[in-house]
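Below is one structure; the comments refer to it alone.
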Amino acid sequence: MDRSSHTRSRRIAPFVAVAAAAALTLAGCSSSSGGKKAEEGGADASAGKADTPRMTVALVTHQSPGDTFWDIVRKGAQAAAAKDNVKLVYSADPNAGNQANLVQNAIDQKVDGIAVTLAKPDALKGVIAKAEKAGIPVVGLNSGVSDWKDLGLLEFFGQDENVAGEAFGKKLNEVGAKNAVCVIQEQGNIGLTQRCDGVKKTFEGKLQILNVNGTDMPSVKSTITAKLKQDSSIDYVATLGAPFALTAVQSVEEAGSKAKVATFDLNKQLTSAIQNGDITFAVDQQPYLQGYLAVDGLWLYKNNGNYSGGGEQPVLTGPAFVDKSNVDTVAEFAAKGTR
Amino acid sequence: MSMTQQAQPAVTTPPAPGPKETDGRTARRPLALRLLARPEVGVFLGAVVVLIFFLFAAPPVRDGSSIANILYQSSTIGIMALPVALLMIGGEFDLSAGVAVITSALTASMLSYQLTLNVWVGVIVALAVSLGIGLFNGWMLIKTGLPSFLVTLGTFLILQGVNLAVTKLVTGNVATDSISDMDGFEQAKAIFASTFDVAGVQVKITVVWWLVFAALATWVLLRTKYGNWIFAVGGNKESARAVGVPVTFTKISLFMLVGFGAWFVGMHNLFSFNTVQSGEGVGQELIYIAAAVIGGCLLTGGAGSAIGPVFGAFMFGMVQQGIVYAGWNPDWFKAFLGVMLLGAVLINLWVQRTATRR
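Going down the list, the protein sequences come from chains A and R. So in this note's numbering, spot 327 of the first sequence is number 327, and the numbers just go up one at a time. So in this note's numbering, spot 177 of the second sequence is number 1177, and the numbers just go up one at a time.
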């Protein structure tokens, strides 16, 4: 049938195209600027490896898929695991019930230590008690700074989103902001809501909330533009993630607004935006440090019985502000995706 | 924009509508009513109502640049809603359409960056990949006979995972590196993501592409044999096959058309934002389908138009931005959106019922 030959010729089309692309590459269709070639050259710092017995640590977070912040937490945890001869098992689910199941899963695997985020402490109470009964040490990281002690966790690394938000609000006062808008990219996300709440608590000006559809960048851009048009007195846009800050810069330009952009979290493009002044500052909770310290803390406890803060005080990883004055030192690490 | 289109043309070329062929059973109804019965007129009126509503409720909307912003938002939905609508007329769904957009953008970005190629190489390979995904969807559908809901749900999940895992594997991060300083970027940006000036208002090029594609789709649907095939396979596959419509070809090519749309919007995303976040795109497929349905395309296939989804997308963009322009409580955002959309669909339905009542 000629119908099937039709589809067959279509089936090979992609392969033909790939072959053609490969041929183009050989024919010298390469870019003379940018790209990977311009980027290469920085070897990763490699440290020695501990000779302690192999142990397994489970890191269970409330990450939603594809989130830059959590990707960096995980990288920190991996770095510590590689150094401490630890096998790291990473799992995550934004749904608290599912996260509890993942902790249970780690208990069933008889891991040597569990690091967990407490975005919704009540949902994890039961399963953390079970881990303790099974003799598995549990440490907290990122969220849950006010609950970790009650739940009987060994130690805690990081800081509440609230604290980061409060620091952000104070910084906004410092730079003289009067009317700011807090852009939430995922409506109902607890961590993001806490950040805005924190800002609201300390910021002396007017703070408005704007929900945008974070899975669709063009929509984020038009929505922020619309907000700036609706209220032309807005003088600061506070975004809760680096990619959205970069989009907000475009929105400000499009709306012809004089608003400045500041953000939570960092990435490579963001550091260059701070360098060239498009973005005023970023607050950094040092997610890498949170992941690293959580794994390293469990290793220390197992091998030398140490625990940071003595079970009384949390270990704070931020808020660290990145602005024009210190961006150059940070940029180098952000380029590697670890800051 | 032609308003004189047939909702359900016959498989063969429809006979010229002779004015003499009155057999007494149907009296000719007034022109206004006949116009109202067209599926896209209902949504057109719905869109007008929503527009007027926001012109009153939200003063900033009266500004030309606000309208340009709304049109931009609508266009990025609308460009995808067009092929999705054609596919629905052809009786199938594509749940992978949202993440496929990101797959395409990721492919172009990572290929160009990692191999330090002219970005056009990435753009062309991304097109091949997008068409390939469409081909896979269509081929699976035909081979297995499973409903497209299931097949494309599978592709949706696969692509969602692949987007994340491959990006992480290749770049070590969850987003791609910026390609804005690479060869060919400016050219590609001019095509996919530039802005031009109309009487002092900055209009995005996607708005133009959106209308061009809509005109093309309307022409294909109403004036070509292929257009008839689309209605035929969506109406009744077996009888379409019986009268010689190449069902396999039509369905697979419709899925590939969605692939083309995903590529185009993916390229827009890439060239307007320089980098791509691998987790994006989830949930967009429902917005595309919603725009098509609001635009009068039947969920069961066999009926619809290409102009309807244009207004459907406009209505969606209008409501989404209008709520912000009006400065309403953002906690209610999604609820407002849902109520407005339902309201719009109801108006649409009511107009059609009234118009077709004898």
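Beta carbons: idealized from backbone N, C-alpha and C, even for Gly. Only a predicted model underlies this, so the values are computations on that prediction, with no experimental measurement involved.
Item	Value
Residue-level contact to chain A via CB, residue 1113/R, 8 Å cutoff	yes
Interface partners of residue 267/A on chain R, CB under 8 Å	1173 and 1175
Cβ-Cβ distance between residue 1114/R and residue 36/A below 8 Å	yes
Cβ distance (whole Å) where residue 1247/R is taken to contact residue 1075/R below 8 Å	Wrong, their Cβ atoms sit about 32 Å apart, outside the cutoff.
Runs of alpha helix (DSSP H) wholly within the stretch 93 to 147 of chain A (minimum 4 residues, chain order)	96 to 108 and 121 to 133
Cβ shell of residue 335/A (< 6 Å), same chain only, five flanking positions each side left out	268
Own chain partners of residue 69/A with C-beta closer than 6 Å, once the 5 adjacent residues on each side are dropped	265 and 287
Beta-carbon proximity check, residue 1160/R vs residue 1258/R, cutoff 8 Å	no
Proximal residues of chain A, C-beta to C-beta of residue 1283/R below 7 Å	215
Environment of residue 59/A [buried if 16+ CB atoms lie within 10 Å]	buried
Closest Cα partner of residue 1085/R within the set 1254/R, 1270/R and 1156/R	1254/R
DSSP-derived helix/strand/coil call for residue 42/A	Bear in mind that a pLDDT of 39 at residue 42/A, under 50, signals an unreliable position, so the number given afterwards is only what the model happens to contain. In this structure, residue 42/A counts as coil in the three-state DSSP scheme.
Entirely enclosed alpha helix (DSSP H) segments - the stretch 1297 to 1341 of chain R, minimum 4 residues	1307 to 1326
Limits of the unbroken beta strand (DSSP E) element including residue 260/A	260 to 264
Chain A contact for residue 1327/R (CB, 8 Å cutoff)	yes
Which of helix, strand or coil DSSP assigns to residue 321/A	strand
Inter-residue Cα distance where the pair is residue 1228/R and residue 1102/R	32 Å
Counted within 10 angstroms of its Cβ, other Cβ atoms place residue 1263/R as buried (16 or more) or exposed	buried
Residue-chain proximity (residue 210/A, chain R), Cβ-Cβ < 8 Å	yes
Delimiting residues of the beta strand (DSSP E) encompassing residue 283/A	279 to 284
Neighbour list for residue 1094/R in chain A, Cβ cutoff strictly below 9 Å	The contacting residues do not exist; residue 1094/R stays about 17 Å from chain A at best.
Cross-chain neighbours of residue 1330/R in chain A, by beta carbon under 7 Å	209, 210 and 211
Alpha-carbon to alpha-carbon, residue 1052/R and residue 1282/R	31 Å
Residues near residue 126/A in its chain [Cβ-Cβ closer than 8 Å; skip 5 each side]	100
Which of helix, strand or coil DSSP assigns to residue 29/A	coil
Alpha helix (DSSP H) segments (min. 4 residues) lying fully within the stretch 1247 to 1295 of chain R	1247 to 1273 and 1284 to 1294
Residue-level contact to chain A via CB, residue 1045/R, 8 Å cutoff	no
In DSSP terms, what residue 209/A is bridged to	182/A
CB contact below 8 Å: residue 42/A versus chain R	Its pLDDT being 39, under 50, residue 42/A is placed unreliably by the model, and the measurement read from it follows with that caveat. Taking Cβ atoms only, chain R never reaches closer than 8 Å to residue 42/A, which makes this a no.
Boundaries (first-last residue) of the beta strand (DSSP E) holding residue 1217/R	Per DSSP, residue 1217/R belongs to no beta strand (DSSP E); it is in the alpha helix (DSSP H), 1205 to 1223.
Burial state of residue 299/A, where buried means 16 or more other Cβ atoms lie within 10 Å	buried
Contact set between the stretch 1307 to 1327 of chain R and chain A, restricted to residues whose Cβ is under 8 Å from the partner	1317, 1320, 1321, 1324, 1325, 1326 and 1327
Nearest residue (CA-CA) to residue 1310/R, options 1273/R, 1243/R, 1210/R and 1268/R	1210/R
Chain-ordered neighbours of residue 1060/R on chain A, where CB pairs are closer than 8 Å	226, 229 and 230
Beta bridge counterpart(s) of residue 91/A as assigned by DSSP	60/A
Residue 75/A versus residue 338/A: straight-line alpha-carbon distance, rounded	7 Å
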